[in-house]
Amino acid sequence: MKRFFIVFAYNGKNYVGWQVQPNGISVQQKMQEALSTLLRKPIAIVGAGRTDAGVHAKKMVAHFDWEGDFFDGEDLIVKLNGFLPKDIAVKDIYQVKPDIHARFSAISRTYKYYVTTQKDPFLYELKHRVFFVPDISLMNKLCEILKEYEDFTSFRKLHSNVKTNNCRIKEAFWEKTANDYVFTITANRFLRNMVRAIVGTLLEAGRGRLGEEDFRHIIEAKNRSLAGTSAPANALFLDDIVYPPDIRMEEK
Numbered sequence: 003m004k005r006f007f008i009v010f011a012y013n014g015k016n017y018v019g020w021q022v023q024p025n026g027i028s029v030q031q032k033m034q035e036a037l038s039t040l041l042r043k044p045i046a047i048v049g050a051g052r053t054d055a056g057v058h059a060k061k062m063v064a065h066f067d068w069e070g071d072f073f074d075g076e077d078l079i080v081k082l083n084g085f086l087p088k089d090i091a092v093k094d095i096y097q098v099k100p101d102i103h104a105r106f107s108a109i110s111r112t113y114k115y116y117v118t119t120q121k122d123p124f125l126y127e128l129k130h131r132v133f134f135v136p137d138i139s140l141m142n143k144l145c146e147i148l149k150e151y152e153d154f155t156s157f158r159k160l161h162s163n164v165k166t167n168n169c170r171i172k173e174a175f176w177e178k179t180a181n182d183y184v185f186t187i188t189a190n191r192f193l194r195n196m197v198r199a200i201v202g203t204l205l206e207a208g209r210g211r212l213g214e215e216d217f218r219h220i221i222e223a224k225n226r227s228l229a230g231t232s233a234p235a236n237a238l239f240l241d242d243i244v245y246p247p248d249i250r251m252e253e254k
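Per this note's numbering, the sequence shown starts with residue 3, numbered consecutively.
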């Protein structure tokens, strides 16, 4: 049995999220259907994580196992991109060591969230427009506070069934471009809805409704109702997933 990583990107607008759901079309479903059709065997893929409905991925990684005849990875990429819908694009396929897991072997994940103060008829579906000038200096101070904590219950989706709410945030910061504000956050793992809840809370601070002590209290209270409203899904992108450097299977 050989294990392969498949690296791809997608626009999440038309999907109920990454994971297969009974109430709509998911990215995982489309990927499995395409691989199963082209490889002529049922293929199940395991993703590095879950993105919610409407969330995008510039880089998603999944693995699948294969025990059939040899296939040419580059040729399969071309065929997949011809078979898949316009909003999913495969970037790479390569063999990894059999014990490497797309989800559990990942060292970190990075998300980006795009906020704009300008009305844009072309990119409005990919950015969250706000009607105030955010205080980026204060928001970045709060980002430093985020890194002091590990329990993010206050930013977790209610009734989520997880064993732990602890995450190690490696970096979190805002950058300003001409009319946009881009939030970047990297951690070993994320809770469901966590990034959007953090963004929504930081934007509340950015418009003058929260201060540093308020933000600390929200985190320490471990109460979702104290945090801000989750920012819309359409401006959130899974930007990168990092693995150890030695995961690839060496070619013989």
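Don't be surprised by glycine CBs; every beta carbon is placed ideally from N, CA and C.
Values in this document were obtained by computation on a predicted structure and should not be read as measured data.
Per DSSP, which one or two residues make a beta bridge with residue i?
i      : result
GLU173 : THR188
MET141 : In the DSSP output, where bridge partners are listed per residue, MET141 has none listed.
ARG111 : ALA189 and ILE243
TYR183 : VAL117 and LYS178
ARG5   : ASP67 and VAL98
ILE153 : In the sequence as presented, Ile is not what sits at residue 153; that position holds Asp. Answer is ASN168.
ILE90  : TYR12
VAL48  : HIS65
LEU238 : TYR115
ALA59  : TYR12 and LEU240
GLY19  : ASP54
GLY202 : GLY202 pairs with nothing; no bridge assigned.
HIS219 : Paired residue(s): none; HIS219 is not in a bridge.
ARG42  : Bridge partners of ARG42: none, in fact.
HIS130 : VAL117
GLY75  : GLY75 pairs with nothing; no bridge assigned.
Ordered along the chain, which non-local residues of its own chain (more than five positions away) have a Cβ less than 7 Å from that of residue i?
i      : result
LYS114 : VAL184, PHE185, THR186, PHE239 and ASP241
GLU214 : LYS143, LEU144 and ILE147
SER232 : ASN195, ARG198, ALA199 and GLY202
LYS43  : GLY70
LYS172 : SER110, THR188 and ALA189
GLU35  : none
SER162 : LEU193 and ARG194
Tell whether a beta-carbon distance below 9 Å holds between residue i and residue j.
i      : j      : result
GLY49  : GLN30  : yes
VAL57  : ALA235 : yes
ASP182 : TYR116 : yes
ARG105 : LYS159 : no
ILE45  : LEU37  : yes
PHE157 : ARG226 : yes
HIS65  : ILE102 : yes
TYR151 : ILE221 : yes
TYR107 : PRO247 : Looking at the sequence provided, one finds Ser at residue 107 rather than Tyr. The answer is no: Cβ separation not under 9 Å.
TRP176 : PRO136 : yes
In chain order, what residues of the same chain have a beta carbon less than 6 Å from the beta carbon of residue i, not counting five sequence neighbours either side?
i      : result
MET3   : ASP67 and GLU69
ALA174 : CYS145, LEU148 and ILE187
ARG191 : CYS169
THR203 : ALA229 and GLY230
ALA237 : TYR115, TYR116, LYS129 and HIS130
VAL22  : SER28, GLN30 and GLN31
THR155 : ASN167 and LYS224
GLY75  : ILE95
LEU140 : ALA207
So residue i packs on residue j, CB below 8 Å; how close in whole Å?
i      : j      : result
ILE2   : ILE95  : This structure cannot speak to residue 2, because the chain is shown only from 3 to 254.
ALA223 : ALA199 : The Cβ separation is near 13 Å, so there is no contact.
THR39  : PHE85  : 7 Å
PHE6   : GLN97  : 5 Å
LYS99  : ILE243 : Actually they do not touch by this definition, with Cβ atoms about 17 Å apart.
LEU41  : PHE73  : 7 Å
PRO87  : LYS32  : 7 Å
Just to confirm my understanding: we take residue i, look at its own chain, exclude 5 residues before and 5 after, and list those with CB closer than 8 Å. What are they?
i     : result
LYS93 : VAL9, PHE10, ALA11, LYS61 and ILE79
Relative to the ligand GTP, is the shortest distance from any of its heavy atoms to the C-beta of residue i smaller than 8 Å?
i      : result
PHE157 : The ligand GTP is absent from the structure shown, which contains no ligands of any kind.
Measuring CB atoms only, is the stretch 70-90 touching the stretch 205-214, in the sense that at least three cross pairs come out at less than 8 Å? no
Check whether the stretch 168-177 touches the stretch 120-133, taking contact to mean three or more Cβ pairs, one atom from each stretch, closer than 8 Å. no
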